[in-house]
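First comes the structure, then the notes that go with it.
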Amino acid sequence: LCAASEPPVTGTFVHSTPRAAVEILQNCVLGVDDKGKIAFIEKHQDVVSLSEIWGFETSDIRQLGQYEFLMPGMVDTHIHASQYSYAGTALDLPLLEWLNTYTFPVEAKYKDLDFANDVYTKVVRRTLKNGTTTACYFATIHTDASLLLGELADRFGQRALVGKVCMDYNSYPNVKPVVTPRFAPSCSSSLLSELGEIANNNKLHVQSHISENKEEVELVKTLFPGCKSYTDVYLKHNLLTDRTVMAHGCHLTDEELEIFRETGSAVSHCPNSNISICSGMLNVRNVLNHNVKLGLGTDVAGGYSPSMLDAMRRTLDTSKALTIQDPQHKTLSFEEVFRLATLGGSEALSLDDQIGNFVVGKDFDALRVNVCVPDGPIDLFPGEGPKVRQSSYWSFLPSY
Ligand code: GUN
Ligand code: ZN
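Under full-length UniProt numbering, the sequence shown has 64 at position 64, and the numbering climbs by one with no breaks.
Right, here's the structure in full:
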């Protein structure tokens with residue numbers, strides 16, 4: 001649905017705004033200009049005047065089915081494309097041992113471009129199939145294979161930030177490089193400084209990991225004794241900017257979250273991974289209360305599922321687990337989690353001027369959801385409105 005000059009679409013649109021976690025727009029018509037940007041989104045009754053203004057035939061309008069709606073494409077703010085080949089396995093070790101035993105040996109194989117081509121093709125196609133229209137990828141240290149990942153994302157029509165550190169390949173409009181220090185324990189101070197400089201001089205995105213598990217936090221203290229905190233390590237190396245997204249952050253203190261807010265840096269919440277390799281439980285409510293930008297990530301293969309729908313469900317599960325531990329904790333609603341997977345992700349990647357919801361001037365980046373396909377996974381009952389359908393979609397739609 002991202003192609004330009006599509007005829008307008010009418011029906012139900014579901015999206016988030018800063019004010020409403022979920023806004024359901026019924027009987028609306030949306031038009032896209034020849035650059036793929038949303039030109040208008042209005043009540044259907046205005047269709048005749050819209051057709052005169054925008055020069056389309058009302059007979060060309062496409063009508064969504066009774067059980068269909070459009071929602072913004074989902075944004076995976078943290079996924080290791082290079083780890084997709086072993087997703088769903090190797091979840092029996094904590095982070096640092098897990099990296100040494102499973103991750104580093106697999107990532108070494110990406111010097112072979114045939115291997116890279118096979119896995120990267122599969123991960124891009126699979127995540128698109130699961131509704132991820134934008135992904136922030138970690139590749140590996142291999143330049144050629146990282147470039148190939150960017151090429152594949154472009155070919156299959158996925159917007160992407162692709163991280164192999166220290167490179168610049170701006171030739172695809174929807175694929176950009178992201179400066180990617182793996183995490184503080186695997187980078188020297190001089191490497192971090194150079195990367196900070198490259199990111200700032202070229203106004204590039206930055207991604208890394210932070211405070212994922214407690215052992216890692218302790219290790220960073222011993223490796224960077226001059227720094228007040230894990231956050232301070234990245235701050236001192238000029239890596240915290242309003243284009244930075246840091247994965248996990250389970251063990252960040254309130255003081256560190258304040259630094260995130262001041263610098264405009266974002267957190268990528270990866271709940272499947274946090275539970276799968278027993279790293280911790282991020283208190284998303286606390287992060288949001290600090291006005292820190294937050295999106296969701298699958299973190300394949302620490303997280304075993306490449307589906308953003310899974311990331312949404314796990315976000316709710318973790319929030320409910322925190323409420324079980326502390327009844328004062330204000331559980332996230334499914335509407336809030338929908339916003340985190342769409343608009344929140346776009347903010348976390350500083351792409352909210354382009355994507356995230358249905359606003360005039362943004363790119364038309366949408367998923368068409370039909371909850372009533374033959375042999376589909378949902379049973380509908382009489383009298384269900386779109387909101388119920390929306391939540392059923394959440395509860396029952398399988399992820400692949
Ligand atoms: N920290 C450093 N590298 C990694 C990685 O590949 N996965 C996860 N989950 N955490 C990391
Ligand atoms: Zn990760």
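Beta carbons: idealized from backbone N, C-alpha and C, even for Gly. Note that the structure is a prediction, hence the values are computed from the model and not measured.
Taken through DSSP and simplified to helix, strand or coil, VAL162 comes out as strand. A distance criterion of 7 Å places the beta-carbon of LEU351 beyond contact range of the ligand GUN, judged by its closest non-hydrogen atom. Within the DSSP secondary-structure output, TYR137 pairs in a beta bridge with ILE79, VAL162. Of the candidates ALA160, LEU152, LYS236, LEU152 places its Cα closest to the Cα of ASP118. For the options SER305, ASN274, ILE259, LEU309, the alpha carbon positioned closest to that of VAL287 is the one of ILE259. For CYS28, DSSP records a beta bridge to GLY11, LYS43.
Straight through space, the alpha carbons of LEU316 and PHE334 are spaced by roughly 7 Å. If the five residues before and after ASP363 are omitted, its C-beta is found closer than 7 Å to the C-beta atoms of GLY36, LYS37, GLN354, ILE355, all from its own chain and listed in chain order. The three-state secondary structure of GLN63, taken from DSSP, is strand.
Under DSSP, THR132 forms a beta bridge with MET74. At least one heavy atom of the ligand ZN is found less than 7 Å from the C-beta of HIS209. A distance filter of 6 Å between CB atoms and the heavy atoms of the ligand GUN selects the following residues in sequence order: HIS80, LEU95, LEU99, THR103, ARG182, PHE183, HIS209, GLU212, SER273, ASP299, GLY302.
Under DSSP, the beta-bridge partners assigned to ASP363 are LYS37. The ligand ZN has no heavy atom closer than 7 Å to the beta-carbon of HIS269. Excluding five sequence positions before and after GLY264, the CB atoms of its chain that fall closer than 6 Å to its own CB belong to ASP242, given in chain order. Nearest Cα to PRO94 within the set LYS221, VAL267, GLU212, ASN291: GLU212.
For LEU147, no beta strand (DSSP E) segment is defined; the enclosing uninterrupted segment is the alpha helix (DSSP H) at 143-156. In this structure, HIS251 has its beta carbon at no less than 7 Å from each heavy atom of the ligand ZN. In this structure, the beta-carbon distance from ALA139 to VAL162 falls below 8 Å. Nearest to HIS209 by alpha-carbon distance, out of HIS290, ARG155, GLY297, is GLY297. Going by DSSP, LYS176 is part of the beta strand (DSSP E) stretching over 175-179. In this structure, PHE13 has its beta carbon at no less than 7 Å from each heavy atom of the ligand ZN.
With fewer than 16 other Cβ atoms inside 10 Å of its own Cβ, PRO173 counts as exposed. GLN207 is bridged by DSSP to VAL245. Inclusion of ALA247 in the 7 Å shell around the ligand ZN follows from its C-beta lying nearer than that to a non-hydrogen atom of the ligand.
Around the beta-carbon of ILE277, 16 or more other beta-carbon atoms lie within 10 Å, marking it buried.
One thing to note: VAL220 has its Cβ within 8 Å of the Cβ of VAL233. A Cβ-Cβ distance of about 6 Å is found for the pair GLY73 and LEU367, placing them in contact under the 8 Å criterion. With distances taken between CA atoms, ASP34 lies nearest to PRO8 out of PRO8, GLU57, THR58, SER49. In this structure, the alpha-carbon of GLU215 lies about 13 Å from that of GLY249. Between the C-alpha atoms of ASP375 and SER305 there is a straight-line separation of about 23 Å. Residues of the same chain with a CB within less than 8 Å of the CB of LEU192, apart from the 5 flanking positions on each side, are PRO181, ALA184, VAL233, TYR234, HIS237, LEU239 in chain order.
A contact between stretches requires three or more CB pairs, one per stretch, nearer than 8 Å, and the stretch 74-85 meets this requirement with the stretch 266-286.
Here GLN66 is exposed, its C-beta having fewer than 16 other C-beta atoms within 10 Å. Per the DSSP secondary-structure output, LYS293 pairs in a beta bridge with ALA266. For the set LEU96, SER85, ASN100, ASP144, the Cα lying nearest the Cα of LYS122 is the one of SER85.
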